[in-house]
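Inspection log for the structure reproduced underneath, given as structure tokens.
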Amino acid sequence: MSNPDEKKSAGKTKADKKKSDKLKARLPRGLIDRGPQDLAAANTMLEKIREVYELYGFEAVETPLIEYTDALGKFLPDQDRPNEGVFSFQDDDEQWLSLRYDLTAPLARYVAENFDALPKPYRSYRSGWVFRNEKPGPGRFRQFMQFDADTVGAASVAADAEICMMAADTMEALGLSGQYVIKVNNRKILDGVMEAIGLGGDDKAGQRLTVLRAIDKLDKIGPDGVRDLLGEGRMDVSGDYTKGAGLDEGQAARVLAFTSAGGGDAQETLANLDAVIAGSERGAEGVAELREIAALITGTDYTDKVVIDPAVVRGLEYYTGPVFEAELTFPVTNEDGLPVRFGSVGGGGRYDGLVGRFRSEPVPATGFSIGVSRLLAALQLVDSPILAQAKPQAPVVVMVMERDRLADYQKFVAALRRAGIRAELYLGSSGMKAQMKYADRRGAPCVIIQGSDERERGEVQIKDLVEGAKASAQIETNEEWRAARPAQFSVPEADIVQAVRDVLARHT
RNA sequence: GCAGCUGUAGCUCAGUAGGUUAGAGCGUCGGAUUGUGGCUCCGAAGGUCGGUGGUUCGAGCCCACCCAGCUGUACCA
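Structure below.
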């Protein structure tokens, strides 16, 4: 070649120029790529959930990722900040469209639009990506997957109870037996309490919402923190101040009495709640509904799995009755060994008003949503055996020794594929060593080698890479390693399929 | 949005009170070994020191502003 210096400097200037022009490959924050292991794990999980939902008689339905903005929420995007919270954009005709941020609002739209054609109660499930334009955090992404089941057109709390039992069965199917709890509460009780302390009426809606959010943070900031948020406000450790709901001490005490009404068992909790809501008609209705749910669950397999917890409120406004939350009961730590606050991995409740937005008559509905991405992250952090069994099998690699014999190699590959064995021909341009490295990196169970020597004998070499790796532990020098050709044997061409099967059988 | 912390190679990080050509480990690629993945050894590629401006004879280091990331918090229809 020419003068290396000259070549180097010439190459460098060129590369520098090129580099500054090049796009930087980067992923927007809060979004992730998923590799083969992640996909296999997620698919396994989705399949388990789907089986449970099917068993309960729910049918599949899919709606698009994009909806008219007004179908998702109450208002059009703020002209100045159209992407606040959701991702929104305008169609050709200037109508606002948004990426869905949950699967409930699109279902309500679907049911309303096809109301007359659907059997009622309509029971359906669906999974898919949803999008939120919010600050991401551990286990929180801007695109994530949910798996929902809903019963529309059934006002009975039997529908709510069924949803809870199905949520429990789903967690069992995911191998989380004894490691989760489905918490149930009823919005009407809290509404009753708020009514009783003078927070009823439309003009107090904002204040009621603040109370809901304060209670929602109970497990994070404790009763004292909640008390501050119910009153004047709270200063957190970072010095950030959150304005409170402005309740007086008596009112706050009343709310806190409600959240701490949980007893040793359902009967005790219900009795405590009766006392707390004394005098509120709406509250009494809520307790009665909870009592019915308890009656359907107590004494069954679900007694310890589905529990009444008055501190569960859910942040959303649209819930009108029973609300549910699925929570993991084991501690989760991240890669650095630090504890991670996972919160709930699923939630739901009754939303009797949501379909009614599109129709003149009210339509009762209840449903449950599993945060697939978050639950998957939790399962991965605890090395769940459910995911371990989902490892994809890597292909057998047929190596290319003689460039002009590609047709022969292709025949080997085809024979393996016909036998249902994942196989591929090496399609790169490198030599044998690189091909071995490639196969190793792919995780191939074995490679097929046929050079001129083997071809003349009508044979192929099969090298078992898994056994070979074990053998390498005993071998010190490379000379020895290469001479020994560990875990390698020769078979007639006609016996390739059977020989590979034998190798695969050894490693599964 | 608010607050704190952090930005040096693909990754994890050194970088001495401002002082020549900014380093290491891992990873990547190549060679020793033109037909054998591991180990070992040798070598190479890879950097606008987050950006801009300022102080200085001189800035990866000091100052200002900006940007990005992380953590907490708020919001999350």
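Take the first sequence: its position 422, counting from 1, is numbered 452 in the numbering used here, and each next residue is one higher. The beta carbon of each residue, even a glycine, is placed where N, CA and C say it ideally should be.
{"Item": "So what's Glu-522 in DSSP terms, helix, strand or just coil?", "Value": "For the record, residue 522 in the displayed sequence is Pro; it is not Glu. Pro-522 falls in the strand class under three-state DSSP."}
{"Item": "State yes or no: is the C-beta of Leu-127 within less than 7 Å of the C-beta of Phe-161?", "Value": "no"}
{"Item": "Please list, in chain order, all residues of the same chain as His-537 whose beta carbon is under 6 Å from its beta carbon, the five residues on each side excluded.", "Value": "Pro-475, Val-496"}
{"Item": "Does the pairing of the segment 444-464 with the segment 397-415 give three or more beta-carbon distances under 8 Å?", "Value": "no"}
{"Item": "Can you name the start and end residues of the alpha helix (DSSP H) that Ile-251 belongs to?", "Value": "248-260"}
{"Item": "Taking Asn-163 as part of the beta strand (DSSP E), name the residues at either end of that continuous run.", "Value": "No beta strand (DSSP E) contains Asn-163, which DSSP labels as neither H nor E."}
{"Item": "What number of angstroms, rounded off, separates the C-alpha of Ser-399 from the C-alpha of Thr-74?", "Value": "18 Å"}
{"Item": "With a CB to CB cut of under 6 Å and the five nearest residues on each side skipped, what residues in its chain are close to Asp-35?", "Value": "Only weak support is given to the placement of Asp-35: the predicted model assigns it a pLDDT of 31, under 50, and the question is left unresolved by the model."}
{"Item": "If you follow the alpha helix (DSSP H) that Phe-354 is in, where does it begin and where does it stop?", "Value": "Looking at the DSSP string, Phe-354 is not in any alpha helix (DSSP H); the run it does join, the beta strand (DSSP E), is 352-358."}
{"Item": "The beta strand (DSSP E) spanning Val-490 covers which residue range?", "Value": "489-494"}
{"Item": "Which whole-angstrom value describes the C-beta separation of Lys-247 and Val-241, a residue pair presumed to lie in contact below a C-beta threshold of 8 Å?", "Value": "In fact, because the Cβ distance is near 11 Å, the residues do not count as touching under 8 Å."}
{"Item": "In the DSSP assignment, what residue or residues form a beta bridge with Thr-181?", "Value": "Arg-153, Thr-396"}
{"Item": "Would you check if the segment 134-150 and the segment 186-205 touch, i.e. whether three or more CB-CB distances between them fall below 8 Å?", "Value": "no"}
{"Item": "By alpha-carbon positions, which one of Pro-168, Tyr-381, Asp-100, Ile-479 ends up nearest to Gln-120?", "Value": "Asp-100"}
{"Item": "Could you tell me if Gln-67 is buried or exposed, where buried requires 16 or more neighbouring beta carbons within 10 angstroms of its beta carbon?", "Value": "exposed"}
{"Item": "Hey, which unbroken runs of the alpha helix (DSSP H) at 4 residues or more fall wholly within the segment 203-235?", "Value": "217-226"}
{"Item": "Looking at the secondary structure, which residues open and close the alpha helix (DSSP H) in which Tyr-83 lies?", "Value": "66-85"}
{"Item": "Taking the alpha-carbon positions, what's the Thr-328 to Gly-309 distance?", "Value": "27 Å"}
{"Item": "In three-state terms, what does DSSP make of Glu-279?", "Value": "helix"}
{"Item": "Check whether the segment 180-190 and the segment 313-328 are in contact - that is, three or more C-beta pairs closer than 8 Å.", "Value": "yes"}
{"Item": "Could you tell me the distance, in whole angstroms, from the CA atom of Leu-102 to the CA atom of Lys-165?", "Value": "20 Å"}
{"Item": "Measure from the alpha carbon of Thr-333 to the alpha carbon of each residue in Gly-208, Gly-313, Gln-237, Gly-351, then state which is nearest.", "Value": "Gly-208"}
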